[in-house]
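Just below is one structure, and these are the notes that go with it.
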Amino acid sequence: MAQRAADRVAHDDRVLPVTRGVSAAIIPFLVLAFVVLCVWPRDTGRLFAWPIKPPVTALILGSVYLGGAYFFARAVRASRWHTIKAGFPPVAAFATLMGIATVLHWAKFSHSHVAFWLWAGLYFSTPFLIMGVWVVNRRWEDPTSDDDDAVVPGSVARMVGAVGVLALAMSAFLFLFPERAIALWPWTLTPLTARTMGAIFALGLTAVGAFTERRWSAMRLMLQVAMFMLALIVVSGVRAARDLDPSNVLTWLFAVGFAGVLVASVACYLRMEKTSR
Numbered sequence: 073m074a075q076r077a078a079d080r081v082a083h084d085d086r087v088l089p090v091t092r093g094v095s096a097a098i099i100p101f102l103v104l105a106f107v108v109l110c111v112w113p114r115d116t117g118r119l120f121a122w123p124i125k126p127p128v129t130a131l132i133l134g135s136v137y138l139g140g141a142y143f144f145a146r147a148v149r150a151s152r153w154h155t156i157k158a159g160f161p162p163v164a165a166f167a168t169l170m171g172i173a174t175v176l177h178w179a180k181f182s183h184s185h186v187a188f189w190l191w192a193g194l195y196f197s198t199p200f201l202i203m204g205v206w207v208v209n210r211r212w213e214d215p216t217s218d219d220d221d222a223v224v225p226g227s228v229a230r231m232v233g234a235v236g237v238l239a240l241a242m243s244a245f246l247f248l249f250p251e252r253a254i255a256l257w258p259w260t261l262t263p264l265t266a267r268t269m270g271a272i273f274a275l276g277l278t279a280v281g282a283f284t285e286r287r288w289s290a291m292r293l294m295l296q297v298a299m300f301m302l303a304l305i306v307v308s309g310v311r312a313a314r315d316l317d318p319s320n321v322l323t324w325l326f327a328v329g330f331a332g333v334l335v336a337s338v339a340c341y342l343r344m345e346k347t348s349r
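Note that our numbering gives residue 164 to position 92 of the sequence shown, counting from 1, and the numbers run on in steps of one.
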């Protein structure tokens, strides 16, 4: 009996104070980056850690930052670890790739700008902080489902996971072969912005988790964040339409793909919310 009671305490699904603290500390940096990149996308040379051209890349990166701020804001207030756990490894992967890209393209950054040192401090520390939080907090996770917890159908979970695998494949291509990506991409890239896009696609790691975690309570927030980011990215594409090459077939594949995934995500979310009620 005592052992069973101890197990219940050890797996009470709590969100630790360190998890809330790290999440809260990251939010202001993400919001500030979003404001700079999405309000003044053509002025990044003066206001950001490095000049980003064309503006569509800045807008997409800013969209991702605001989506991240939403996730961490929810993590601060979360009461159960399993509802937010899936977001930490993808953020760590994104931050790790951004840190590596910073080292590889060190000369491209504005070293005299305070924004660069904020950038460097963030990406040289965040991967360790985020993975540290994930490792420490996961030991408190309750792997069981509540009686009223909806389960995502296997077919839907596999489809979500497949989207994640495709995103990771695109991430690897952009990050490992930036010169090839530059030749194919529907807007102008440099090796640095190609690797930045690769880091963004690495966030698809979240979707891969659907192969093993089908509790709706564990997927709800992740789908909210995905829908939020996708909607902002679609808006970014519209805002910076003149940066896109209409003769490139990838322009239309991306437009249809991102819009299609957004619509499918909304439909899935509404269906699962109805089921959970």
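Every residue, glycine too, gets a C-beta built ideally from N, C-alpha and C.
Just so we're clear, the structure is a prediction, and the values are computed from it rather than from any experiment.
Of the residues the options, which one's Cα is nearest the Cα of residue i?
i, options, result
"F273", "G226, V136 and V111", "V136"
"R118", "F106, H185, A97 and A331", "H185"
"W206", "V163, F245, R230 and K180", "V163"
"S348", "G281, V232, P100 and V223", "V223"
"S243", "G276, D221 and G171", "G276"
"R311", "P100, I132, D115 and P89", "I132"
"I305", "K125, L138, P89 and W112", "L138"
"P315", "A130, L342, A241 and I202", "Here the sequence assigns Asp to residue 315, which means Pro is not the residue at that position. Of the listed residues, the one whose Cα sits closest to D315 is A130."
"P58", "W212, L342, G233 and A167", "Within the shown structure, residues of the chain are numbered from 73 to 349, placing residue 58 beyond reach of any answer."
"S197", "F181, V107 and I172", "I172"
"I202", "V94, E345 and L322", "V94"
"A255", "V321, S337, T174 and K346", "V321"
"A336", "M299, G140, L176 and H183", "M299"
"M291", "F181, T323 and P225", "P225"
"A313", "D115, A327 and A303", "A327"
"K157", "T323, A339 and G281", "G281"
Can you tell me which of the three DSSP states residue i falls into?
i, result
"R349", "coil"
"V136", "helix"
"K157", "helix"
"W189", "helix"
"D317", "coil"
"S184", "coil"
"W212", "helix"
"F247", "helix"
"A150", "coil"
"L88", "coil"
"W122", "coil"
"P113", "coil"
"M301", "helix"
"W259", "coil"
"A312", "coil"
"C340", "helix"
"G204", "helix"
I'd like to confirm the pairing. Which residues does DSSP put opposite residue i in its beta bridges?
i, result
"V223", "R287"
Is the distance from the Cβ of residue i to the Cβ of residue j below 8 Å?
i, j, result
"V297", "Y195", "no"
"V333", "V228", "no"
"W178", "A121", "no"
"A96", "V148", "yes"
"W153", "V87", "yes"
"T278", "G204", "no"
"H83", "D220", "no"
"P250", "A239", "no"
"A58", "L264", "Only positions 73 to 349 of the chain appear in the structure, and residue 58 is not among them; the question remains open."
"P113", "W259", "no"
"L246", "M231", "no"
"F283", "G233", "yes"
"I99", "A167", "no"
"L293", "Y341", "no"
List the whole-angstrom C-beta distance separating residue i from residue j, where the pair is believed to meet the contact cut-off of C-beta under 8 Å.
i, j, result
"A271", "L169", "4 Å"
"G309", "V128", "7 Å"
"S289", "T155", "6 Å"
"G140", "L102", "5 Å"
Does the ligand ADP have even one heavy atom less than 7 Å from the beta-carbon of residue i?
i, result
"D84", "Although the ligand ADP was asked about, the structure shown includes no ligands whatsoever."
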